[in-house]
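J.:
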Ligand SMILES: *Cc1c(COP(=O)(O)O)cnc(C)c1O
C-alpha cells in the first residue's frame, strides 16, 4: 500500500495493516519484557536469526516494531531500529559500524551533543575531520584511505546552513562510504535522504515525528542503498546468518541496541506513533508560520539578521529550494547592538523560553548563553554565532497571534 498511497494515508493505516489482535487500529502497548515459547526450538530460532520473533524486550518489542515500520515507510527505507533518544541512535550507529583507527568526515555544524559525542569517539581512537558541508569539495578534500563514514545534518541548528546533500551522496556512492544523514531538522515529510543516496537516516523522534514534546525517541533507517558485503567491520558470525542487505542494520540492532541498551520504551513508542500521524499537518502549519515570521523579522529595524533557508538572501536558498518542498520550522535571528536579547525574550507572552524543538508550541532560546555556552566565545565567533542570536522552533499557533507577540515584544525592547 505504501507505494501507491500518499504520505499521511500510509502512516495512518500502517498499524492496522500489520493486523493487531481484535482489529485494533493502533498497535497495543506491549509491556512484557520477555516472551515464552511452548517449543524451545522456537526460542532457539529467534536467537539464531532463523525466525522472526521476540525474546527479550531490550532488542525488540511489538509496539516498538510497529513504530519502526512506520518510520521505514515515512523514509521509504528498508528497515529501521528505534532507540530511547536521538543521541542513543547516533552513538549506537557509530559504535556499531566504526572502529578505532577508522576515519569519519563530519559536518562542522553539528547539533551540539552530536559534536560533543564525536569528541568522545575521537578520544576512543576514531579519527574525525570536521568540514563545512555546504560544499562537497570540502568532503572530497578530507578523504583518507581509512575513511568509512560521512556524517551530515540536513539543515544545521541554529544557523540553518544547508548541506550539499546530493553531491555528497554522489561522492559517497563513488567511494563506497557509509553516508549517514541526520534528518531531524527536516523530517521525512520535508525531505527523504534516500533521494540523495543516503545509506542510513537518523531521526530524533523527539522532535517533529513525535511532535508534541511529550516523548523521547530516536531511530536509524537503512535505505537499502549501501552494499554491506564488502564493508570491513561486519562481524563474521552475522555474515553467516544474515541476508547481505540486512547486515548493516542488524549489526546496529545487535551491537548498538542490544549491547548498548538505549532501548525505546513501548509507552514512548506508542506516544510517538500517534504523534507521527499528524506530522504533515503540523509541519505545513509550522513552516508557514516560520516563513511569515522570517519575513516579518527580516524587515524589522531592531533585527540585524535572520537565518532561514526560505529567505532569498539565505546562502543556500537555491539548494534548499531544489531539494526540500518546505523550509522547516527552525529559524534564528540576531538583534541589533543595544537591544537586550534577554529583555526581548522576557517580553514575549505567548512564545515559551525553552530548549526543545519540533514541539507544537513556539519555543525560543538565546543560543550563546545556553546550547552553545560550553563552546566559549572564541569558537562561537568562528562559527558565526552572535551573542544576541535567538533560535526559534516555530509551532502551530495561529499566525496572527505569533506575529503580534513578536511585534509587541520588539516594541517593548526599544532602547
Ligand atoms: C535533538 C537532536 C538530536 C538528539 O535527539 P534527542 O532525541 O534529543 O536525543 C540529534 N540530532 C539533531 C539534529 C537534533 O536536533
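Numbering (this note's numbering), first residue to last: 54 to 468.
We treat Cβ as the ideally placed atom computed from N, Cα and C, and that holds for glycine.
Between residue 266 and the rest of its own chain, which residues show a CB-CB distance below 6 Å, the 5 nearest in sequence each way excluded?
T.: Correct list, in chain order: 409, 412.
J.: Taking 6 Å as the limit between beta carbons, can you name the residues of its chain near residue 54, skipping five residues before and five after?
T.: With a pLDDT of only 44 at residue 54, under the threshold of 50, the placement of this residue in the model should not be trusted; the figure read from the coordinates follows. Contacts found: none.
J.: Give me the Cα-Cα distance between residue 112 and residue 146, rounded to the nearest whole angstrom.
T.: Going from the Cα of residue 112 to the Cα of residue 146 covers about 15 Å.
J.: Any heavy atom of ligand 1 closer than 7 Å to the beta-carbon of residue 143?
T.: It does: the Cβ of residue 143 is within 7 Å (strictly closer) of some heavy atom of ligand 1.
J.: Taking the straight line between their C-alpha atoms, what separation do you get for residue 311 and residue 290?
T.: Residue 311 and residue 290: Cα-Cα distance of roughly 16 Å.
J.: Residues bridged to residue 171 by DSSP?
T.: Its beta-bridge partners do not exist; DSSP assigns none.
J.: Quick one: grab the DSSP three-state call for residue 186.
T.: Looking at residue 186 - three-state DSSP - the assignment turns out to be coil, as it is neither helix nor strand.
J.: With hydrogens ignored, establish whether the beta-carbon of residue 260 is closer than 7 Å to any heavy atom of ligand 1.
T.: Indeed, a heavy atom of ligand 1 lies less than 7 Å from the Cβ.
J.: Look at the alpha carbon of residue 380 and the alpha carbon of residue 227, and state the distance between them as a whole number of angstroms.
T.: Between residue 380 and residue 227, the C-alpha separation is close to 29 Å.
J.: So who's on the other strand from residue 158, going by DSSP bridges?
T.: Paired residues: 182, 203.
J.: Hey, is residue 121 close to ligand 1, as in C-beta under 7 Å from one of its heavy atoms?
T.: Answer for residue 121: no, Cβ out of range of ligand 1.
J.: Are residue 359 and residue 466 close, meaning C-beta to C-beta below 8 Å?
T.: Cβ distance not < 8 Å, so residue 359 and residue 466 don't count as in contact.
J.: Could you give the C-beta distance for residue 253 and residue 137, rounded to a whole number, given that I count them as a contact under 8 Å?
T.: In fact, because the Cβ distance is near 18 Å, the residues do not count as touching under 8 Å.
J.: I need the DSSP call for residue 455, collapsed to helix, strand or coil.
T.: Of the three classes helix, strand and coil, the one that applies to residue 455 here is helix, per DSSP.
J.: Would you mind listing the beta strand (DSSP E) stretches within the stretch 206-237 that are 3+ residues and don't spill past its ends, in chain order?
T.: As far as the stretch 206-237 is concerned, its whole beta strand (DSSP E) runs of at least 3 residues are 231-235.
J.: For residue 153, which residues from the same chain have a beta carbon less than 8 Å from its beta carbon, with the 5 sequence-adjacent residues on both sides left out?
T.: Cβ neighbours of residue 153 beyond the five flanking positions: 177, 178, 179.
J.: Say the cut is 7 Å; is the CB of residue 139 nearer than that to a heavy atom of ligand 2?
T.: In terms of ligand content, the structure shown lacks ligand 2 and carries ligand 1 instead.
J.: By DSSP's criteria, residue 358 is part of a beta bridge. Which residues make up the other side?
T.: DSSP lists 387 as partners of residue 358.
J.: Taking DSSP as the reference, what is the three-state secondary structure of residue 406?
T.: Of the three classes helix, strand and coil, the one that applies to residue 406 here is strand, per DSSP.
J.: Say whether the stretch 151-169 touches the stretch 188-202, bearing in mind that this needs 3 or more beta-carbon pairs closer than 8 Å, one atom from each stretch.
T.: The answer is yes - the stretch 188-202 touches the stretch 151-169, with three or more Cβ pairs under 8 Å.
J.: Going by the C-beta, is residue 271 closer than 7 Å to any heavy atom of ligand 1?
T.: Correct: residue 271 has its Cβ closer than 7 Å to ligand 1.
J.: Any heavy atom of ligand 1 closer than 7 Å to the Cβ of residue 235?
T.: Residue 235: yes, Cβ under 7 Å from ligand 1.
J.: I need the straight-line Cα distance from residue 444 to residue 186, nearest angstrom please.
T.: Spanning the two alpha carbons is a distance of roughly 21 Å.
J.: Using 10 angstroms around the beta-carbon of residue 217, count the other beta-carbons present and answer buried if the total reaches 16, otherwise exposed.
T.: The residue is buried, with at least 16 neighbouring Cβ atoms inside 10 Å.
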